[in-house]
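Trainee: All residue numbers for the sequence shown refer to the working numbering, where the first residue is 3 and numbers rise by one. Handing you a structure now.
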Amino acid sequence: MTQPNLDDQVLPIQGQVTFLYFRDMDAAEGFYGGVLGLRKTFDKGWVRFFQVTPVSFVGLVDEKYGHHRAGGEKSVMVSIETPALEAWYARMVQRGAEFQTHLELEKSASQIISAFLLRDPGGYSVEFFRFNDPGQGPTAQA
Numbered sequence: 003m004t005q006p007n008l009d010d011q012v013l014p015i016q017g018q019v020t021f022l023y024f025r026d027m028d029a030a031e032g033f034y035g036g037v038l039g040l041r042k043t044f045d046k047g048w049v050r051f052f053q054v055t056p057v058s059f060v061g062l063v064d065e066k067y068g069h070h071r072a073g074g075e076k077s078v079m080v081s082i083e084t085p086a087l088e089a090w091y092a093r094m095v096q097r098g099a100e101f102q103t104h105l106e107l108e109k110s111a112s113q114i115i116s117a118f119l120l121r122d123p124g125g126y127s128v129e130f131f132r133f134n135d136p137g138q139g140p141t142a143q144a
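Now the structure itself:
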């Protein structure tokens with residue numbers, strides 16, 4: 003019996019979760035749920051999901067129970083694309099978020115994106131960005 007060629011098939015994907023590992027789960031939840039205002043959709047104590055889009059989530063994991071540890075330099079960045087960049091920036095200023103970089107629209111006019119970066123309680127970078135040319139980006143037609 004010949005096996006079907008799976009290289010040519012688009013296989014279904016239900017959703018996407020980026021897992022981040024923390025020592026202090028309450029501080030992490032305070033940031034993702036309180037500061038960012040993301041909706042918590044799952045909570046088993048040691049793992050909590052916060053919804054970013056209808057099918058994408060940030061998963062917070064207590065390092066004592068997860069596959070990775072929270073320590074060390076963070077090489078993962080959560081990037082959130084939004085058309086309401088200025089509104090998100092104003093909300094983060096209002097809520098006292100810790101900024102790594104601030105929004106500079108004049109500077110970014112010649113760049114691919116406009117963006118600002120936050121730091122979460124575990125040391126991860128959280129970027130909010132908008133493509134300066136709406137025809138660019140991962141959802142643009144190739």
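Just so it is clear, CB atoms sit at the ideal spot from N, CA and C, and this is done for glycine as well.
Name, in chain order, the residues that DSSP records as bridge partners for Arg93.
Mentor: Paired residue(s): none; Arg93 is not in a bridge.
Trainee: Say whether the region 42-57 touches the region 103-113, bearing in mind that this needs 3 or more beta-carbon pairs closer than 8 Å, one atom from each stretch.
Mentor: Contact between the region 42-57 and the region 103-113 is absent, because fewer than three Cβ pairs lie under 8 Å.
Trainee: Between Ile115, Gly125, Leu120, Phe130, which has its C-alpha nearest Gly137's C-alpha?
Mentor: Of Ile115, Gly125, Leu120, Phe130, the residue nearest in Cα terms is Ile115.
Trainee: Do Val60 and Val80 come within 7 Å of each other at the CB atom, strictly closer than that value?
Mentor: Contact flag set, yes.
Trainee: Between Gln18, Phe24, Gly139, which lies nearest to Gly74 when the distance is taken from Cα to Cα?
Mentor: It is Phe24.
Trainee: Could you work out which residue in Gly47, Asn134, Glu65 is closest to Ala117 when comparing CA atoms only?
Mentor: Closest by alpha carbon: Asn134.
Trainee: What are the residues that DSSP puts in a beta bridge with Ser58?
Mentor: Its beta-bridge partners are Gln18, Thr55.
Trainee: For the region 96-122, which segments carrying the beta strand (DSSP E) assignment without a break, of at least 3 residues, lie completely within its bounds, in sequence order?
Mentor: Counting only runs of 3 or more, we get 101-103, 115-121.
Trainee: Is the beta carbon of Leu87 sitting closer than 7 Å to the one on Arg132?
Mentor: Going by C-beta atoms, Leu87 is nearer than 7 Å to Arg132.
Trainee: So, are the CB atoms of Gly35 and Lys42 less than 7 Å apart?
Mentor: Yes, they are a contact pair.
Trainee: Report the three-state DSSP secondary structure of Glu129 (helix, strand or coil).
Mentor: Here Glu129 sits in strand by DSSP.
Trainee: In this structure, does DSSP put Val80 in helix, strand or coil?
Mentor: Correct three-state label for Val80: strand.
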